[in-house]
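*Asks:*
Protein chains: 2
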Amino acid sequence: MQRYFVSPADMTDLSVTITGDDANHIAKVMRMEVGDRVICSDNQGRVALCEIKQIERDSIYTSIIEPIEESKESPIRVTIAQGIPKGDKLEAIVQKGTELGAQAFLPFSSSRCIVKWDEKKGQKKKQRLEKIAKEAAEQSHRSRIPYVLPPVSFKSLLKKAADFDYKIVAYEEDAKIGETQRLAKLLNEMAPGVSVLCAIGPEGGLSQQEVDELIEAGFISCGLGPRILRTETASSYILSAISYHFELMR
Amino acid sequence: MQRYFVSPADMTDLSVTITGDDANHIAKVMRMEVGDRVICSDNQGRVALCEIKQIERDSIYTSIIEPIEESKESPIRVTIAQGIPKGDKLEAIVQKGTELGAQAFLPFSSSRCIVKWDEKKGQKKKQRLEKIAKEAAEQSHRSRIPYVLPPVSFKSLLKKAADFDYKIVAYEEDAKIGETQRLAKLLNEMAPGVSVLCAIGPEGGLSQQEVDELIEAGFISCGLGPRILRTETASSYILSAISYHFELMR
Chain Y
3 MQRYFVSPAD MTDLSVTITG DDANHIAKVM RMEVGDRVIC SDNQGRVALC
53 EIKQIERDSI YTSIIEPIEE SKESPIRVTI AQGIPKGDKL EAIVQKGTEL
103 GAQAFLPFSS SRCIVKWDEK KGQKKKQRLE KIAKEAAEQS HRSRIPYVLP
153 PVSFKSLLKK AADFDYKIVA YEEDAKIGET QRLAKLLNEM APGVSVLCAI
203 GPEGGLSQQE VDELIEAGFI SCGLGPRILR TETASSYILS AISYHFELMR
Chain V
3 MQRYFVSPAD MTDLSVTITG DDANHIAKVM RMEVGDRVIC SDNQGRVALC
53 EIKQIERDSI YTSIIEPIEE SKESPIRVTI AQGIPKGDKL EAIVQKGTEL
103 GAQAFLPFSS SRCIVKWDEK KGQKKKQRLE KIAKEAAEQS HRSRIPYVLP
153 PVSFKSLLKK AADFDYKIVA YEEDAKIGET QRLAKLLNEM APGVSVLCAI
203 GPEGGLSQQE VDELIEAGFI SCGLGPRILR TETASSYILS AISYHFELMR
């Protein structure tokens with residue numbers, strides 16, 4: 003069944019109003035009619051099965067059939083801090099990362115980033131990524147849309163680390179020397195509900211100095227298996243491993 | 003360091019000759035010179051550190067400095083059987099799957115596949131996918147290039163299942179009803195060296211009848227966490243979970 007996120011103000015105890023692009027999607031793309039059903043989420047934990055009562059140009063009026071209790075969200079609150087990559091790789095990272103359960107994405111600049119975002123470009127990219135996150139959250143049946151945070155400098159990333167229970171940096175030199183213990187050890191220590199910040203370098207990787215600074219700020223440097231992963235594959239690996247460990251193994 | 007796969011015939015006890023596109027890559031793209039070093043693999047388990055001795059138009063002559071003993075290959079031999087998806091998604095699946103350790107890729111047709119490959123198109127696609135697998139294997143420092151198998155019908159997929167120790171089908175209806183036990187249970191049973199066939203449907207999924215036929219052929223239907231994954235994300239999830247289980251947790 004199709005899922006849509008609505009603002010909490012549009013979800014009362016009995017009814018949900020769907021507006022904007024989603025209203026258009028229901029009427030024009032899905033060609034739904036009065037009596038059809040959709041699932042609506044207020045992005046704050048409330049999810050409901052709804053029946054369409056009225057279709058207008060910019061608004062779809064529905065009544066709530068029943069609330070849906072579900073747990074689609076990862077018990078580990080993972081923020082992917084991603085060194086800004088080239089092209090549209092960040093869009094793929096946000097799309098796949100949303101499916102795989104990330105709670106937030108934090109783009110950051112580092113010495114080997116080739117792409118630079120000024121404030122205007124950063125703002126535009128953030129809006130585009132938010133749209134991708136919303137659509138991926140709907141498609142993957144999540145109860146919440148992950149946050150896309152404004153891009154930060156490497157120095158700001160170091161400062162933000164203090165807000166998280168655990169900090170991980172994926173470091174390809176660890177994969178090369180065969181470091182295989184730390185990620186599993188960390189996941190074994192984590193209790194449901196903790197927050198984790200995962201830093202992943204851009205295509206050229208993080209410099210040794212940057213990794214040293216991250217470690218000083220409390221990050222644990224982890225290998226992600228013996229093969230060298232592309233920057234856009236590293237976040238999928240970490241999120242899949244966390245899902246497997248906490249959602250399937252337990 | 004750059005890595006190249008060469009044919010076993012081009013790797014003697016003392017020297018390696020690199021030809022074709024790779025020779026061009028070394029000379030023109032990387033602009034390497036006599037005395038520079040590369041790593042060569044014969045795709046049959048032999049890997050060596052080599053020094054460039056002579057650069058000619060179509061051939062690079064190197065001498066072996068020392069053999070490299072390494073274990074970059076997954077202890078579980080995973081074949082990803084992928085329902086043929088639209089566009090260039092299969093290219094992304096082969097690229098990411100190679101990084102994540104797949105041993106082979108087997109494209110198959112099923113009732114909800116939108117794209118049909120005739121023999122000529124299938125052959126051309128296979129060659130393109132083999133090139134992607136080779137490049138991804140070099141970039142991710144693998145010792146072997148995964149196989150890209152010729153596309154098969156759904157009926158042939160059912161027959162092939164007999165060749166594998168374990169068979170898994172990723173089924174989104176399992177995710178919807180919250181099936182979370184089977185994948186971890188299966189991985190706990192597996193011993194290093196076993197072969198696993200993982201069937202993943204195309205964008206529209208597998209039909210209930212196809213899933214029933216797969217189960218009859220010995221496949222175990224598994225949920226991949228509580229969220230609904232796109233077809234191209236499912237293989238990354240399974241390969242990451244297998245890598246985490248066998249390469250990091252142990």
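Sequences listed follow chains Y and V, in order.
The first sequence begins at 3 in the numbering used here and counts up one residue at a time.
The second sequence begins at 3 in the numbering used here and counts up one residue at a time.
Don't be surprised by glycine CBs; every beta carbon is placed ideally from N, CA and C.
Taking only three categories from DSSP, how would you classify residue 235 of chain Y?
*Replies:* If DSSP states are grouped into helix, strand and coil, residue 235 of chain Y belongs with the helices.
*Asks:* Taking all protein chains shown into account, do 16 or more other C-beta atoms lie within 10 angstroms of the C-beta of residue 6 of chain V, making it buried, or fewer, making it exposed?
*Replies:* Burial call: buried.
*Asks:* So with Cβ pairs under 8 Å, would you call residue 199 of chain V a contact of chain Y?
*Replies:* Judged by the 8 Å Cβ criterion, residue 199 of chain V is not in contact with chain Y.
*Asks:* Out of Y/154, Y/149, Y/83, Y/249, point me to the one whose CA is closest to residue 234 of chain Y's CA.
*Replies:* Considering only alpha carbons, the answer is Y/83.
*Asks:* Is it right to say residue 229 of chain Y is buried, meaning 16 or more other beta carbons lie within 10 angstroms of its own, or is it exposed?
*Replies:* Residue 229 of chain Y is buried by the Cβ-count criterion.
*Asks:* Rank Y/93, Y/78, Y/17, Y/45 by C-alpha distance to the C-alpha of residue 9 of chain Y and give the top, closest one.
*Replies:* Residue Y/45 is the option with its Cα nearest to residue 9 of chain Y.
*Asks:* May I have the straight-line CA-CA distance separating residue 220 of chain Y from residue 239 of chain Y, to the nearest angstrom?
*Replies:* For residue 220 of chain Y and residue 239 of chain Y, the distance between alpha carbons rounds to 21 Å.
*Asks:* Alpha carbons only, please: which of Y/247, Y/108, Y/177 is nearest the one belonging to residue 191 of chain Y?
*Replies:* For residue 191 of chain Y, the nearest C-alpha among the options comes from Y/247.
*Asks:* Would you please state the rounded distance, in angstroms, between the beta carbons of residue 204 of chain V and residue 54 of chain V? I believe it to be under 8 Å.
*Replies:* Contact flag wrong, Cβ pair sits at about 45 Å.
*Asks:* So that I know if they touch, is there some Cβ in chain Y lying closer than 8 Å to that of residue 228 of chain V?
*Replies:* Yes, contact with chain Y.
*Asks:* For residue 70 of chain V, which residues in the same chain have their Cβ closer than 7 Å to its Cβ, ignoring the five residues on either side in sequence?
*Replies:* Around residue 70 of chain V: 41, 49, 50, 51.
*Asks:* Beta carbon of residue 21 of chain Y, beta carbon of residue 15 of chain Y: below 8 Å?
*Replies:* Cβ atoms of residue 21 of chain Y and residue 15 of chain Y: not closer than 8 Å.
*Asks:* Closest by CA to residue 225 of chain Y, which one among Y/245, Y/211, Y/200?
*Replies:* Nearest C-alpha to residue 225 of chain Y: Y/200.
*Asks:* Taking the straight line between their C-alpha atoms, what separation do you get for residue 74 of chain V and residue 143 of chain V?
*Replies:* So the alpha carbons of these two residues sit roughly 7 Å apart.
*Asks:* Using C-beta distances below 7 Å, list every residue in its chain close to residue 112 of chain V, excluding the 5 sequence neighbours before and after it, in chain order.
*Replies:* Closer than 7 Å at the Cβ level, and outside the excluded window around residue 112 of chain V, lie 85, 156, 203, 204, 208, 212.
*Asks:* Name the chain Y residues that come within less than 7 Å of residue 127 of chain V, Cβ to Cβ?
*Replies:* Correct list: empty, because the minimum Cβ distance to chain Y is about 21 Å.
*Asks:* Taking its Cβ as the centre, do 16 or more other Cβ atoms sit within 10 Å of residue 164 of chain V, making it buried, or is it exposed?
*Replies:* It counts as exposed.
*Asks:* Does residue 19 of chain Y come out as helix, strand or coil in the three-state DSSP assignment?
*Replies:* In this structure, residue 19 of chain Y counts as strand in the three-state DSSP scheme.
*Asks:* Assign residue 244 of chain V to buried or exposed, taking buried as 16 or more other Cβ atoms, counted over all protein chains shown, within 10 Å of its Cβ.
*Replies:* That one is buried.
*Asks:* Using Cβ-Cβ distances below 8 Å, what residues of the stretch 127 to 158 of chain V are close to chain Y?
*Replies:* Within the stretch 127 to 158 of chain V, the qualifying residues are 141, 142, 143, 144.
*Asks:* Flag residue 111 of chain Y as yes if its beta-carbon sits less than 8 Å from any beta-carbon of chain V, otherwise no.
*Replies:* By this cut-off, residue 111 of chain Y is not an interface position.
*Asks:* Assuming residue 170 of chain Y contacts residue 188 of chain Y (C-beta within less than 8 Å), just tell me the rounded distance between them.
*Replies:* Contact flag correct, Cβ pair sits at about 7 Å.
*Asks:* If the criterion is Cβ atoms closer than 8 Å, does the pair residue 134 of chain Y and residue 96 of chain Y meet it?
*Replies:* Their beta carbons are under 8 Å apart, which means residue 134 of chain Y touches residue 96 of chain Y by this criterion.
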